[in-house]
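Protein chains in written order, with the UniProt record's numbering: chain A, 1 to 949; chain B, 1 to 458.
Using N, Cα and C, we set each Cβ at its ideal position, and we do this for glycine too.
In what follows, a structure is listed as structure tokens, so that the remarks can point back to it.
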Amino acid sequence: MTDSKYFTTTKKGEIFELKAELNSDKKEKKKEAVKKVIASMTVGKDVSALFPDVVNCMQTDNLELKKLVYLYLMNYAKSQPDMAIMAVNTFVKDCEDPNPLIRALAVRTMGCIRVDKITEYLCEPLRKCLKDEDPYVRKTAAVCVAKLHDINAQLVEDQGFLDTLKDLISDSNPMVVANAVAALSEIAESHPNSNLLDLNPQTINKLLTALNECTEWGQIFILDCLANYTPRDDRESQSICERVTPRLSHANSAVVLSAVKVLMKFMEMLPKDLDYYGTLLKKLAPPLVTLLSAEPELQYVALRNINLIVQRRPEILKHEMKVFFVKYNDPIYVKLEKLDIMIRLASQANIAQVLAELKEYATEVDVDFVRKAVRAIGRCAIKVEQSAERCVSTLLDLIQTKVNYVVQEAIVVIKDIFRKYPNKYESVIATLCENLDSLDEPEARAAMIWIVGEYAERIDNADELLESFLEGFHDESTQVQLQLLTAIVKLFLKKPTETQELVQQVLSLATQDSDNPDLRDRGYIYWRLLSTDPVAAKEVVLAEKPLISEETDLIEPTLLEELICHIGTLASVYHKPPSAFVEGSRGVQHKRLPGSAGSGESVDSPDPASAAGVTEAPPAVIPSQGDLLGDLLNLDLTPPTATGPPPAPSSGMQLGAMDLLGGGLDSLLGGDIGGSAAMGAGFGAAPAAMPASFNAPVSGGLDDLFDLGGSVGMPMGAYSPPKTVWLPAMKAKGLEISGTFARRAGVIQMEMTLTNKAMSVMTDFAIQFNRNSFGLAPAGPLQVLTPLSPNQSIEVSLPLSTVGPVMKMEPLTNLQVAVKNNIDVFYFSCQYPISMLFVEDGKMERQVFLATWKDIPNDNESQFQIKDCHLNSDAASNKLQGSNVFTIAKRTVEGQDMLYQSTKLTNGIWVLAELRVQAGNPNYTVSLKCRAPEVSQCVFQSYEAMLKN
Amino acid sequence: MTCLYLRAHSSAGASSVSRQSCHIDTELYSWHSHLDLAAEMIHSLFLINHSGDIFLEKHWKSVIGRSVCDYFFEVKEKAVDPENVPPVLQTPHHYLISIYRGKLFFLSVIQTEVPPLFVIEFLHRVADTIQDYFGECSENVIKDNVVTVYELLEEMLDNGFPLATESNVLKEMIRPPTILRTVVNTLTGGSNVGDTLPTGQLSNIPWRRAGVKYTNNEAYFDVIEEIDAILDKSGTTVCAEIQGVIEACVRLTGMPDLTLSFMNPRLLDDVSFHPCVRFKRWESERVLSFIPPDGNFTLMNYHVSSQNLVAIPVWVKQSISFFESGPSGRLDITIGPKQTMGKTVENLKVTIHMPKTVVSANLTATQGNYTFDLATKVVVWDIGKLNPQKLPNLRGSLSTQTGAPKPDDNPSLNIDLKIQQLAISGLKVSRLDMYGEKYKPFKGVKYLTKAGKFQVRT
């Protein structure tokens, strides 16, 4: 007889039938009915209509029936809160039951019922249970505090449950200690600065004692808690390590990995010359290896963590290469991770073995895996110089197999090998060329074209080869088109005599027949370069390229440090800092490895810039759309191994930029500027999305609490600086332009006065911007409808959009403008106040503000003084609000007003500010925090300008 | 400047501003409750069968809609093989952590930063418990016992924290079904939920219940070793390691304290123990000293890795080749004993994963039978006992699809085998002593060597 009978239904209707049974007088029938209800619930059927009938069964001395009713209650209490109240009395009574099992069950279930009215009644029973004589009840009650905290944190605080919980850390029973730690850690996670788990040597000692005696799960909680402690010195560190190492032999892999985390972290404090340090290193390897013989799911998590560990301390696993060899029936996700670690461990000592393996993998079935294996061979060549030759010959062998995707991957990596070891392996080019026709993936085609262009002088029929690609030029992907353009220009510079026609052809294809602005831009640059100064062209296009670095895709050191502190967590699986992706991680504190105390080893103190840049990855600082010179030198193949654009003479940059404009204007100014701006939108709208925590759902009622916006009266208009002369008449054949920027009704306006100081009439005005930091671009054509007579002035207002192409400028708010009229094209540059970019919806929710403020590292904070400002704080707040700087909260501490303000830029970058105003003191202090600290200076300047005007 | 929140706290001491800061704190706290922030570990569990139907769900707090599984189904579709579904998935609001056991997915929904290994270990424990209770872990068995499974899940996890995962403890709280008890329960209205607190739950030896009594006192230990190895084309060992486990079945009255010692404990590279084993004794004397759980349990896992030489029990001579032109290939495999320490190799089986283009195999086996599965392209050659005098051989021709090119990938051979009464690492138990009880138990140790992931490349 099985439970499947609970699923059978009758004609009368299931619910009706059950209702009758639940109200039966017979105990047994009641129980069976509740079982049927539970069975329906488990498969997702809605049986909430039976709530009153099921609750009626609760007053029973049959434990099984009671448990079943409790199960039901937990599931449906939320949807029937008034009914749930009916159950309260029974709960309270059960908490007094002589049987500890029933007491625990009652307090446990009450905590799971998330109904406010019930919570009120929970406090007294919970208080008793926390001090119950039976440890089983105490440990259940400890968890209940965490549940209650989740429902009503204030209540938990007011009732003093947190203190009771802290006391339980000293409980005589290890299981109670473990649960108290778990509950406290959970509560602490929701307010990171609350110091709930005040770790000191005494509590650490208690935890370490409990560690030996509690359950495996409790050990995980305790170890994770220990990992947050920073020992005072290396001796304490060593003694904790000694007491934690036995956990490495636990059968539960989660215990092992948590222990590894504690050891990896505390090891940092041990002097490297200490004997114990070496012992510890040796002890870490075997358990890590053993994790790899567990179930594949466990292996996967272990491998992701080992990936971090070998980057931080390669010595631990350097002799264990073989355990990472891939087995035929490993799941694909395990295979790919193993491969990654193999490359990290590859060294001169084991490279032969590794290569033999990789070659073996390249003949496997799974395409993704095969591709990665081929790439791995290339990475080995670049990493271990001595092996390069063998790698190249292995790759050639693979190319001989003629398996299409293998050939393509091989060609992509050979290109990188050429970059790393120039003039060494060019003899293989002939073999590569044989496979030209079979290449159908853009990356492989682009790589092959790069090779042909780069070594054009050694390939007799380079022109024929490139010409063959040219036939289908418009069907190629952009990557291939750009590459082909560059390769042909290279070819031309190397063999100018016979390839003139070819280069003409490609330049006209790129500039005239293409819709792609990048391609056209590059085409024009080359065209100009070649037509004005072929020698300079040679210097630029055929410049020596920087070598690519050995170790690639290493995790940036500060991020790695942080991830080491998070071994075993989701962060370690995703190799991202916890703040980057855990929803609602309000202010996750960044963890750092402790520095070494004993020896003179230098402490890894990360430089602030890189910490800010990488650990805060998501809101990408001004997206750099492929550096101009990088483009010129054709390093945009985006190989996994490229180091980025080469250092370039700064003058070249300037020249390139202006040339680009000049060239572009000739053809673009056919009156179709609006169209080009729209086209720019395609790749200009790049600002990265804010991290998930920013979008945390917010309940409405709270908005009013601190909404000062409504009470400060009408906001004033946005600040706009006075006009200045941008283009003096002397420099522009009589055209003078003065102007300023303003933001009106959410639209950025460029307001100019054009004055004709020449003797003749000016007509045919048009305007164009160079790429700039925030993607400013004209949103329409320049409206100068009537010809401009001599000595006449005209006021023009040009609406701007922020969806144009982006390039980081120096200074940040610099804007390069080209204006054309019937006489000539003129260039000037001006700066806009960054306040133009403050958007109307820049008001951050208050708790998001708090979380963000905490989340942004202090290194990103800058402080400025504003002198001689005689506004009171309300007036200042009012004034700033006019320019979309929103005051979120105001506090007064000892006569000093603190305004907390937020601002959002058009590209989604948030700037958080704290403005301190002291009554009677004309000097304000403003502290700015932003994930992109480079904007702070500009924002401060705007603050000053806005407040003083 | 520190953060706003810290300030509110730090100024709480100063009397002039304390009222205001309290005010701010109050608000901060009330916000927490408004945010729907689940802070517990495992939020929900879905059991999903092979074809993608959810047949059981358990929520430890609020109900999460089934639609959350859609992300999982999407990935499952893409992965083709269920084994290849990655165990950790990110969705916009949750993390999905899953295991694949017995053709079932155990899918848990997580909302906060939780150690994934913790979750995976727990899920395996759930599967183990079901297996332990009902003899197998399958959809039918779970459906047949749905209420018991539900009660078990409730007992195993509270607010996302594991509560009771020890089989001994669970069995005292929720009794496993037996045919007899089901009948009795039906007749008498008895219950299968225990109403006393399990004795193991809080003692310092949570794994053992008090008052155990047997008429026959016995303790059996099975030393089982699995060889994981990769051999290359020529038969050379690429890598080899041994995963060992000591499974125990102990039925002893009272509170016996056992000591198990080995002849050669230094062979073991890495060990992990059941919580009952006293680690200090192992560290200092290399003996296993423990008060055993009652019944079946895993005493210890160990690992003998490639640092020590691993004996390979069989050699394999193989050649599988496909011809560039023409629709066929040839296969020839011979197996012989290598390092068997004088024992017989049994249950020998060779599994060959053929390239996709192979459509039939016409082979002759000198011993045992072979099958070719057209759907999976797998040849299974079931040999049985290995006779050193007459080596088994499988040879013949393979047909590929007409017109198909020569296969790109090499087939791979997996070997299964068993050797009774041998631990291939050489590990030997020297003695088992019992303290604390007066009776004389019956003791036994068995050894078994198996092939684990034993692969031969071609």
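Item                                                                                                                                                                                                        : Value
Tell me which residue opens and which closes the beta strand (DSSP E) that M337 (chain B) is part of.                                                                                                       : Here the sequence assigns Pro to residue 337 (chain B), which means Met is not the residue at that position. P337 (chain B) -> beta strand (DSSP E) spans S328 to P337.
Report the rounded CA-to-CA distance for P623 (chain A) versus A777 (chain A), giving the unit in angstroms.                                                                                                : With a pLDDT of only 32 at P623 (chain A), under 50, the local geometry of the prediction cannot be trusted, and no value is derived from it.
Identify, in the order they occur along the chain, each residue of the same chain with its Cβ nearer than 6 angstroms to the Cβ of P256 (chain B), setting aside the five sequence neighbours on each side. : M434, G436 and E437
Counting only Cβ pairs nearer than 7 angstroms, list the residues of chain A close to P116 (chain B).                                                                                                       : V301, L570 and V573
Identify which residue in A:I567, A:E457 and A:L593 has its Cα closest to the Cα of L493 (chain A).                                                                                                         : A:E457
Should the segment 98–112 of chain B be called in touch with the segment 39–53 of chain B, which here means at least 3 C-beta pairs below 8 angstroms?                                                      : yes
Assess, as a yes-or-no matter, whether the segment 334–350 of chain A is touched by the segment 115–130 of chain B under the definition of 3 or more beta carbon pairs within less than 8 angstroms.        : no
Can you tell me whether E556 (chain A) is helix, strand or coil according to DSSP?                                                                                                                          : coil
Under 8 angstroms, CB to CB, which of the residues in the UniProt region "Disordered" (392–412) of chain B have a partner in chain A?                                                                       : D408, D409, N410 and S412
Thinking C-alpha only, which one of A:P442, A:P790, A:T394 and A:S514 is nearest residue 980 (chain A)?                                                                                                     : Shown here, chain A extends from 1 to 949; a query on residue 980 (chain A) therefore has no answer.
Q941 (chain A) lies in the alpha helix (DSSP H); which residues open and close that run?                                                                                                                    : S936 to K948
Would you check whether the ligand SAH has a heavy atom nearer than 7 angstroms to the C-beta of E225 (chain B)?                                                                                            : Absence of the ligand SAH from the depicted structure is noted, as is the absence of any ligand whatsoever, leaving it without description.
Just the Cα atoms here: how many angstroms apart are V839 (chain A) and T753 (chain A)?                                                                                                                     : 26 angstroms
So if I threshold CB-CB distances at 7 angstroms, which residues from the segment 354–387 of chain A count as touching chain B?                                                                             : E360, T363, E364 and V365
Shortest alpha-carbon distance to F324 (chain A) belongs to which of A:Y361, A:I414, A:N461 and A:N228?                                                                                                     : A:Y361
Inspect the beta-carbon positions of P441 (chain B) and N217 (chain B) and report whether they are closer than 8 angstroms.                                                                                 : yes
Give the single residue among A:E124, A:N200, A:A180 and A:C433 whose Cα lies nearest to the Cα of N461 (chain A).                                                                                          : A:C433
Provide the residue span of the beta strand (DSSP E) that contains T755 (chain A), from first to last.                                                                                                      : V747 to N756
Under 8 angstroms between C-beta atoms, does D416 (chain B) make it to chain A?                                                                                                                             : no
When the Cβ atoms of the segment 448–455 of chain B are set against those of the segment 266–276 of chain B, are three or more pairs found closer than 8 angstroms?                                         : no
Can you tell me the Cα-Cα spacing of residue 979 (chain A) and G882 (chain A), whole angstroms?                                                                                                             : The structure shown does not extend to residue 979 (chain A), since chain A is modelled only from 1 through 949, so no value can be given for it.
Report the neighbours of P292 (chain B) on chain A: residues whose CB is nearer than 8 angstroms to its CB, in chain order.                                                                                 : Residues of chain A passing the Cβ test: none, with the nearest at roughly 15 angstroms.
Measuring alpha carbon to alpha carbon, tell me which residue in A:Q479, A:I488, A:V480 and A:Q483 is nearest E464 (chain A).                                                                               : A:I488
Could you tell me which of B:K446, B:I320, B:D416 and B:L117 sits nearest to S234 (chain B), measuring between CA atoms?                                                                                    : B:I320
Is the number of C-beta pairs between the segment 164–176 of chain A and the segment 160–180 of chain B that are closer than 8 angstroms three or more?                                                     : no
D270 (chain B) to G244 (chain B), Cα distance in whole Å?                                                                                                                                                   : 10 angstroms
Are the CB atoms of S438 (chain A) and V407 (chain A) nearer to each other than 8 angstroms?                                                                                                                : yes
Return the residue from the list B:V250, B:A229, B:V358 and B:V316 that minimises the CA-CA distance to F323 (chain B).                                                                                     : B:V358
Could you tell me the distance, in whole angstroms, from the CA atom of L547 (chain A) to the CA atom of F418 (chain A)?                                                                                    : 9 angstroms
In whole angstroms, what is the alpha-carbon distance linking I240 (chain A) and Q219 (chain A)?                                                                                                            : 14 angstroms
In chain order, what residues of the same chain have a beta carbon less than 7 angstroms from the beta carbon of E389 (chain A), not counting five sequence neighbours either side?                         : none
What do you reckon, are the CB atoms on K58 (chain B) and Y150 (chain B) nearer than 8 angstroms?                                                                                                           : yes
Count the other CB atoms within 10 Å of the CB of H870 (chain A); is the residue buried (16 or more) or exposed (fewer)?                                                                                    : exposed
Thinking C-beta only, is R247 (chain A) closer than 8 angstroms to L223 (chain A)?                                                                                                                          : yes
So, at 6 angstroms on beta carbons, what are the nonlocal neighbours of Y133 (chain B) in its own chain, with the 5 sequence-adjacent residues on each side left out?                                       : P176
State whether the segment 835–853 of chain A contacts the segment 754–765 of chain A, with contact taken as three or more CB pairs (one from each stretch) at a distance under 8 angstroms.                 : no
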